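The sequence shown begins at 1 in our numbering and counts up by one.
Just so you know, even glycine gets a beta-carbon here, dropped at the ideal spot from N, CA and C.
Quick caveat, the model's predicted, so the values are computed rather than measured.
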Amino acid sequence: MILQVQGVSKNFGGLQALSNVTFDLPEGQILGLIGPNGAGKTTLFNVINGVYTPSEGRVIFRGKDVTGQKTYHMAHAGMARTHQIVKPLNDLTVMENVMVGACFGRESHNLKKARQIAEEVLDFVGLAERAEQLAGSLNVGQKKRLEMARALASHPYLLLLDEVLAGLNPSEIAHMVDIVRRIREQGITIIMIEHVMHAIMNVSDRILVLDYGQQIAEGSPEEISQNPKVIEAYLGDPKLAERLMEGGE
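Below you can see the structure in the form of structure tokens.
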């Protein structure tokens, strides 16, 4: 298993944001992480990649206990992440943004090698022709691909994607889903937080569902779409669940 989350809980004062979350993630899979707003999804990401130390439980990454290690340690260990609200370095070029990922990732490359990696990754995400533009000039969809490129330039074993499809139009969503699939084909394991349900249902191998910090279900997309607890907590409508499996909105 590339990642094991064992009995993870996280409290903020009297608020329990996560309660005894446990799952194993095999290498090479895409795990979808879904649940209503406030369910604890981003908090779980923050615990996994070292922003927060869990109140209880352990995080095992590639066989090592990394519970509470700092985010830069996790980057060097081979874990990369995108954020729900993209924050590129607006005064740097697109190329320079991606070079940052290569310089401070798993292998800490020099500038010459970092530029070579950045060129390859920008071509992969379809931003090669914008390499010398300032990052602040990009639209939302392009900024999301830029953040994906910066994460990929760190050569991660595990990629955490926080709502990379949010705010995108249908053609941009299709393009991004294709990028996610091609990333997995390179052997990179992925966890995706997502609210675009038809996309997450179609791209994930397995899905984990949180509600009020509780892990209420885990299974294949088909199992999740038919799970009564999930329908009640998140989907709200059995007919919607049927449409999800058919690839509709």
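| query | result |
| --- | --- |
| Where DSSP assigns a beta bridge to Phe12, which residues make up the other side? | Leu15 |
| Between Arg115 and Pro156, which are expected to be in contact by the criterion C-beta below 8 Å, what is the C-beta distance as a whole number of angstroms? | Going by Cβ atoms, the distance from Arg115 to Pro156 rounds to 19 Å, so no, they are not a contact pair. |
| Give me the Cα-Cα distance between Ala199 and Ile173, rounded to the nearest whole angstrom. | 8 Å |
| Buried or exposed: Gly248, going by 16 or more other Cβ atoms within 10 Å of its Cβ? | Note on Gly248: pLDDT 46, under 50, position unreliable in the model; the coordinate value appears next. Looking at its Cβ environment, which holds fewer than 16 other Cβ atoms inside 10 Å, Gly248 is exposed. |
| Does the distance from the CB of Val140 to the CB of Gly167 come in under 8 Å? | yes |
| Which same chain residues, not among the five before or five after Phe124, have their C-beta less than 8 Å away from its C-beta? | Ala149, Leu152, Ile179, Arg182 |
| Select from His83, Leu44, Asp91, Thr82 the residue whose C-alpha is nearest the C-alpha of Gly68. | Leu44 |
| How do the region 126-136 and the region 81-101 stand: do at least 3 beta-carbon pairs fall below 8 Å, yes or no? | yes |
| Identify which residue in Glu120, Glu218, Ser225, Asn227 has its Cα closest to the Cα of Thr22. | Glu218 |
| Assign Thr71 to buried or exposed, taking buried as 16 or more other Cβ atoms, counted over all protein chains shown, within 10 Å of its Cβ. | exposed |
| Could you give the first and the last residue of the continuous beta strand (DSSP E) run that contains Met79? | 79-81 |
| Quick one, are the C-beta atoms of Pro54 and Ser9 less than 8 Å apart? | yes |
| Assuming Leu158 contacts Gly40 under a Cβ cut-off of 8 Å, what Cβ separation, rounded to an integer in Å, is found between them? | Leu158 to Gly40, Cβ: 19 Å. No contact. |
| Note down the Cα distance separating Ser220 from Ile193, rounded to an integer number of angstroms. | 16 Å |
| Please identify the residue among Asn11, Gly14, Ile188 whose C-alpha is closest to the C-alpha of Leu160. | Ile188 |
| Under the DSSP definition of a beta bridge, which residues are partnered with Val59? | Val5 |
| Along the beta strand (DSSP E) that carries Asp211, what are the first and last residues, could you check? | 206-211 |
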